[in-house]
Every structure is written in C-alpha cells, then in structure tokens.
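**Q** In this note's numbering, the protein residues as written are 86 to 232.
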C-alpha cells in the first residue's frame, strides 16, 4: 500500500526525569513549542502538556474527521461534530495508558439517537488512531445527538 503521509515531532529533553523538562515542536509549525515535564504529566499540568494530552488531542481530531466522513458517505453534511477525549494514565507495574474515553456530540439533519449510537461505534472501528491503540488501550465511545 502506498504511503499517504508522514508527520514528525521533535523533543529536546534536558535534565533528569523528576526535575528536567522537554521542549516539543512539530514539523508543521502548527502550534508553538510546548513544554513537558514529568510532574506535569503525573500531577498538575501547570500550563504544560503531556504525551497523554497529545494522544487525546490526536484521537479526538482523528475521530471527528472519521465521523464527518461517515456522515458524508450517507450524504449528510453535519452542522457540528464535537469530540472530547480523555486519556487515562495508570501506575501499575510502571506507567500505562489504560483507557481512552471518546464522547461525540453530533448535530446533523435527519439523525436519530440510534443513528448516532451506530455511527460512534462504526467510527471507532474506522478511526486510524483507535486502530493504533486497540489491543493495548481500552477504548470507550459514546455519542449524543445535538438537537
């Protein structure tokens, strides 16, 4: 299968894990350099990001795009697709991302709550980020019709 695209990120970490920090940038320049620290990852973020927050952002974005595409396959143009993602990090035999909770709120003409329920499940199966995580992370989805 031909490669569609590649994206890149780069981090420079300075210092040890407890007191050190990293500066993260993405190849596209789409957002400014981000600071990461271990305390911000496991305690309060204090304006810094974490791998879990970045995975949640990637998952929410990918899932929203998939839902819009699935609606398009039904010749439905959504007025709005909102996705929230919560990535859970647990400490059991080390750190482990244990779960991702996706909540999709969809406003689109002609949809019923049952349509939304089916759509969020179909979207989870089609989402590339869901597929990358599946088998290692519990993925839970729920949908809501915006009226």
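Glycine residues also receive a C-beta, built at the ideal position from the N, C-alpha and C atoms. Note that the coordinates shown come from a computational prediction; the quantities given were computed from them, not determined experimentally.
So what's residue 161 in DSSP terms, helix, strand or just coil?
**A** DSSP places residue 161 in coil when its eight states are reduced to three.
**Q** Return the bridge partner residues of residue 95 from the DSSP annotation.
**A** Paired residues: 110.
**Q** Under a three-way DSSP split, which group does residue 134 fall into?
**A** DSSP places residue 134 in strand when its eight states are reduced to three.
**Q** Return the CA-CA distance between residue 216 and residue 197, expressed in angstroms with no decimal places.
**A** In a straight line, the C-alpha of residue 216 is about 26 Å away from that of residue 197.
**Q** Under the assumption that residue 220 contacts residue 204 (Cβ atoms under 8 Å), give the Cβ distance between them as a whole number of angstroms.
**A** Their Cβ separation, rounded to whole angstroms, is 23 Å, which puts residue 220 and residue 204 out of contact at 8 Å.
**Q** Under the DSSP definition of a beta bridge, which residues are partnered with residue 206?
**A** DSSP output for residue 206 lists no bridge partner at all.
**Q** Under a three-way DSSP split, which group does residue 219 fall into?
**A** Coil, per DSSP.
**Q** Could you check what DSSP says for residue 155 in three-state terms: helix, strand or coil?
**A** Helix.
**Q** In the DSSP assignment, what are the bridge partners of residue 120?
**A** According to DSSP, residue 120 bridges with 108.
**Q** Can you tell me the Cβ-Cβ gap for residue 171 and residue 149, rounded? I've got them flagged as a contact below 8 Å.
**A** Not quite, the Cβ-Cβ distance comes to about 15 Å (not below 8 Å), so this is no contact.
**Q** So residue 231 is in the beta strand (DSSP E); what residue range does that whole segment cover?
**A** Per DSSP, residue 231 belongs to no beta strand (DSSP E) and is neither H nor E.
**Q** With a threshold of 8 Å between beta carbons, is residue 191 in contact with chain B?
**A** Considering every chain present, this structure includes no chain B. It has just one protein chain.
**Q** With DSSP collapsed to three states, give me the class of residue 189.
**A** In the structure shown, residue 189 sits in a strand (DSSP, three-state: E or B).
**Q** Tell me whether residue 157 is buried or exposed, calling it buried when 16 or more other Cβ atoms sit within 10 Å of its Cβ.
**A** Per the 10 Å Cβ criterion, exposed.
**Q** If you count every other CB in all the chains shown that lies within 10 Å of the CB of residue 151, and 16 or more means buried, which is it?
**A** Residue 151 should be labelled buried.
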